[in-house]
Every structure is written in structure tokens, then in C-alpha cells.
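Enquirer: Numbering (this note's numbering), first residue to last: 147 to 268. Using N, Cα and C, we set each Cβ at its ideal position, and we do this for glycine too. These figures come from a predicted structure and were not determined experimentally.
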Amino acid sequence: MTSFVDRTLTCSDCGAQFTFTVGEQEFYQSRGFTNEPRRCPECRAARKAARGEGGGGGGGGGYRSYDSNREMFSAVCAECGREARVPFQPRGDRPVYCSDCFRSRGPQRGGGGGGGGRDRNW
147 MTSFVDRTLT
157 CSDCGAQFTF
167 TVGEQEFYQS
177 RGFTNEPRRC
187 PECRAARKAA
197 RGEGGGGGGG
207 GGYRSYDSNR
217 EMFSAVCAEC
227 GREARVPFQP
237 RGDRPVYCSD
247 CFRSRGPQRG
257 GGGGGGGRDR
267 NW
């Protein structure tokens with residue numbers, strides 16, 4: 147096991163010195179990161195904010211809420227028959243559900259992981 151000590155680093159953006167703490171070093175090692183941080187916490191936060199990554203409280207990575215300007219399409223819910231407003235152009239080859247029916251269906255099983263859930267014949 148590697149023993150760590152607090153290290154003083156210089157930010158590549160603003161030139162300020164900051165401390166790379168023992169706890170941060172242990173975290174980096176546990177995640178398999180091999181490079182130490184190049185930016186101070188303030189510059190890292192500013193960079194995240196500029197990229198639109200909220201960073202609020204540890205989650206913030208995968209989910210992005212839909213922009214209010216995003217084009218929405220109308221479809222007929224395959225379950226209840228009401229109008230469904232969806233952020234994609236329905237193709238007609240898969241069922242579309244309104245938000246209530248979609249929620250009531252619960253977690254889907256056996257989807258296609260990162261492939262958008264489409265079946266592949268290869």
C-alpha cells in the first residue's frame with residue numbers, strides 16, 4: 147500500500163498553488179487515475195460550469211434535462227391512446243408511451259445497454 151503526504155501543486159490555468167491532499171490522492175488511486183490534477187479546485191469548478199456539468203453533490207454526470215427549446219413530436223400512446231409528446235421523431239416500428247404510461251411500466255428488462263435498446267441482427 148502506498149503512503150501519501152499532502153503535496154503542493156501549481157494550477158496550470160491561474161498559476162495559484164493548491165494542496166493535493168492525502169484524501170484526494172487516495173481517491174485518485176481508488177479510481178485508477180494516474181495523473182495528478184492540473185487545476186486548482188476553483189479552476190476545475192469554473193471549467194465544469196463552462197462545460198455545463200453541474201457537479202452538484204456527486205451525481206450530476208449522466209442525466210441532462212431536456213432544453214426547453216428542444217423540438218417535441220406528437221404520437222399516440224400505445225397503451226392508453228392519449229397524445230404523447232416525445233423528444234424524438236416516432237418511426238412507427240416501436241411503441242411510444244405517454245409519460246404516465248411510461249412511468250407505470252417500471253424499469254425495462256433486457257434492453258440493449260448502450261445501443262439505444264435496438265435489436266441488432268449481427
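Which whole-angstrom value is the C-beta distance of E276 and Y243, which I expect to be below 8 Å?
Expert: With the chain covering 147 to 268 only, the question about residue 276 has no answer from this structure.
Enquirer: Based on DSSP bridge pairs, tell me the residues matched to F219.
Expert: Its beta-bridge partners are V232.
Enquirer: So, are the CB atoms of F164 and C186 less than 8 Å apart?
Expert: Result yes, Cβ atoms of F164 and C186 sit closer than 8 Å.
Enquirer: Looking only at its own chain, which residues have a Cβ that is under 6 Å from the Cβ of C223, when we skip the five neighbours before and after it?
Expert: A230, Y243, C244, C247, listed in sequence order.
Enquirer: Less than 8 Å between the CB atoms is what I'm expecting for F219 and P236, so what's the real figure, rounded?
Expert: Going by Cβ atoms, the distance from F219 to P236 rounds to 6 Å, so yes, they are a contact pair.
Enquirer: E182 and F166: beta carbons closer than 8 Å?
Expert: Taking 8 Å as the Cβ cut-off, E182 and F166 qualify as a contacting pair.
Enquirer: With DSSP as the reference, label F248 as helix, strand or coil.
Expert: In the structure shown, F248 sits in a helix (DSSP, three-state: H, G or I).
Enquirer: Quick one: what's got a C-beta closer than 6 Å to D159's C-beta in the same chain, skipping five residues either side?
Expert: Correct list, in chain order: R185, C189.
Enquirer: Please state the DSSP three-state secondary structure of G161.
Expert: Correct three-state label for G161: coil.
Enquirer: For T284, which residues from the same chain have a beta carbon less than 6 Å from its beta carbon, with the 5 sequence-adjacent residues on both sides left out?
Expert: There is no way to answer for residue 284, as the model of the chain reaches only from 147 to 268.
Enquirer: In whole angstroms, what is the alpha-carbon distance linking V232 and P253?
Expert: If I take the Cα positions, the gap works out to 18 Å.
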